[in-house]
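If you're matching positions, the sequence shown starts at 1 in the numbering used here and goes up one per residue. Glycine included, each C-beta is placed from N, C-alpha and C at the ideal position.
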Amino acid sequence: MDFLTYWRRTKEIVDKLIEDYLSDIKDWELLEVSKYILKDGKRFRATLTMFFTEALGGEQSNSYKAALASEILHSSSLALDDIVDYDLTRRGMEAAWAVYTNRRVIFITNFLIPSALNIISSYGERALKLSISLWRDTAIGALKDIFGTPVDYMKTIEYKTASLFKLSTMLSAFAAKREEVVDIMIELGKELGIAYQLIDDYIDVYKYEKGELKVLVGSAKQLYDLKGEDYKEYVKAEYTSAVSNYLSLVRKMDIRQEFREAVISIPDFLAAGLLNEAGINKL
Numbered sequence: 001m002d003f004l005t006y007w008r009r010t011k012e013i014v015d016k017l018i019e020d021y022l023s024d025i026k027d028w029e030l031l032e033v034s035k036y037i038l039k040d041g042k043r044f045r046a047t048l049t050m051f052f053t054e055a056l057g058g059e060q061s062n063s064y065k066a067a068l069a070s071e072i073l074h075s076s077s078l079a080l081d082d083i084v085d086y087d088l089t090r091r092g093m094e095a096a097w098a099v100y101t102n103r104r105v106i107f108i109t110n111f112l113i114p115s116a117l118n119i120i121s122s123y124g125e126r127a128l129k130l131s132i133s134l135w136r137d138t139a140i141g142a143l144k145d146i147f148g149t150p151v152d153y154m155k156t157i158e159y160k161t162a163s164l165f166k167l168s169t170m171l172s173a174f175a176a177k178r179e180e181v182v183d184i185m186i187e188l189g190k191e192l193g194i195a196y197q198l199i200d201d202y203i204d205v206y207k208y209e210k211g212e213l214k215v216l217v218g219s220a221k222q223l224y225d226l227k228g229e230d231y232k233e234y235v236k237a238e239y240t241s242a243v244s245n246y247l248s249l250v251r252k253m254d255i256r257q258e259f260r261e262a263v264i265s266i267p268d269f270l271a272a273g274l275l276n277e278a279g280i281n282k283l
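This is the structure:
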């Protein structure tokens, strides 16, 4: 079992879950914009939910609602981020707001987000309360991303990115009927999310220094303002720390043996994917 193979296989399942979800939306205005917001994407958050559900001994099918909800929340957050950042492209296409206007996208995400939380409610009150709390943290992260100072950097990336990683991994505990590991799965998602965003910001600063990116914004700007030309060493140290913390948590977990090697590989798999996509060989 390797994570790449698992992701390729489950991405098709996630795409079908989203297709089925959209088929239940009857209002054409809701459907058109929702379909655009949820189109394409790597589906990593949903895949993490499904993967860890099985790694914890659960049935993959029990994670389908959680995976769908994770992806709806993630895509909604991206659509809102693009409005705030004035980003004109997303996933190789025009950003949703650039096509449908920011007001329509805001209204549609106001439909999608509670829909996702309603789906999560099928796993029980605790799952719903934790998800609402983590979505709140995502909103705080968006504020920190815009208005935070350089000293806020690590807190910014934990809130803005790791919150939805936490949600994805946390929901796997409920889907696997392993509520006793909810807390450790939240911590696991935190370290994965921090590692992921460190690499994402590293890429932006790298491109900025190469002249391939004109302006730094958000957490990438905070990183560069915090460390300047020393950003590479800082990112390497913090990434190594996050992965080390992640692996320490994995060693404490009771997971299926055939999943263990793939579980260990996830941080470097995600990092390599980001770096390769940016044309960078290594950190």
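Out of curiosity, what's the CA-to-CA distance linking residue i and residue j?
i: K236; j: A162; result: 18 Å
i: D183; j: L130; result: 10 Å
i: A98; j: E32; result: 14 Å
i: S241; j: T49; result: 23 Å
i: I132; j: L117; result: 7 Å
i: D201; j: A66; result: 28 Å
i: T169; j: G273; result: 19 Å
i: L283; j: K232; result: 8 Å
i: E105; j: I255; result: For the record, residue 105 in the displayed sequence is Val; it is not Glu. Cα to Cα, V105 sits roughly 40 Å from I255.
i: Y21; j: W28; result: 14 Å
i: E125; j: Y153; result: 32 Å
i: L17; j: G57; result: 22 Å
i: N245; j: Q222; result: 23 Å
i: A95; j: V181; result: 37 Å
i: K26; j: V217; result: 38 Å
i: S122; j: R178; result: 15 Å
Are residue i and residue j close, meaning C-beta to C-beta below 9 Å?
i: R103; j: D40; result: no
i: S75; j: L30; result: no
i: A195; j: D2; result: no
i: L275; j: I199; result: yes
i: Y208; j: V215; result: yes
i: R45; j: L164; result: yes
i: G148; j: T138; result: no
i: V84; j: I146; result: yes
i: L167; j: S70; result: yes
i: I203; j: I266; result: no
i: L270; j: L192; result: yes
i: W135; j: L73; result: yes
i: I120; j: L78; result: no
i: A176; j: S63; result: yes
i: T10; j: Q60; result: yes
Here's the rule I'm using: 16 or more other beta-carbon atoms within 10 Å means buried, otherwise exposed. How should residue i be labelled?
i: Y86; result: exposed
i: K190; result: buried
i: P114; result: exposed
i: Q257; result: exposed
i: E93; result: It should be pointed out that residue 93 corresponds to Met in this sequence rather than to Glu. M93 comes out exposed.
i: S34; result: buried
i: T53; result: buried
i: L143; result: exposed
i: L88; result: exposed
i: V151; result: exposed
i: K160; result: buried
i: E212; result: exposed
i: T47; result: buried
In the structure shown, what three-state DSSP assignment does residue i receive?
i: R8; result: helix
i: E94; result: strand
i: T89; result: strand
i: I25; result: coil
i: I280; result: coil
i: G57; result: coil
i: R126; result: helix
i: T109; result: helix
i: G41; result: coil
i: E209; result: helix
i: K232; result: helix
i: K214; result: coil
i: T47; result: helix
i: D2; result: coil
Can you tell me whether residue i sits near the ligand NAD, meaning its C-beta is under 8 Å from at least one heavy atom of the ligand?
i: S265; result: This structure does not include the ligand NAD; it has no bound ligands of any sort.
Next item on the list: Any chance you could list the alpha helix (DSSP H) runs of at least 4 consecutive residues sitting entirely within the region 138-204, in chain order?
Entry: The region 138-204 contains these whole alpha helix (DSSP H) runs: 153-157, 163-175.
Check: Which full runs of the alpha helix (DSSP H) of 4+ residues lie inside the region 235-269, going along the chain?
Finding: You should have found no qualifying run.
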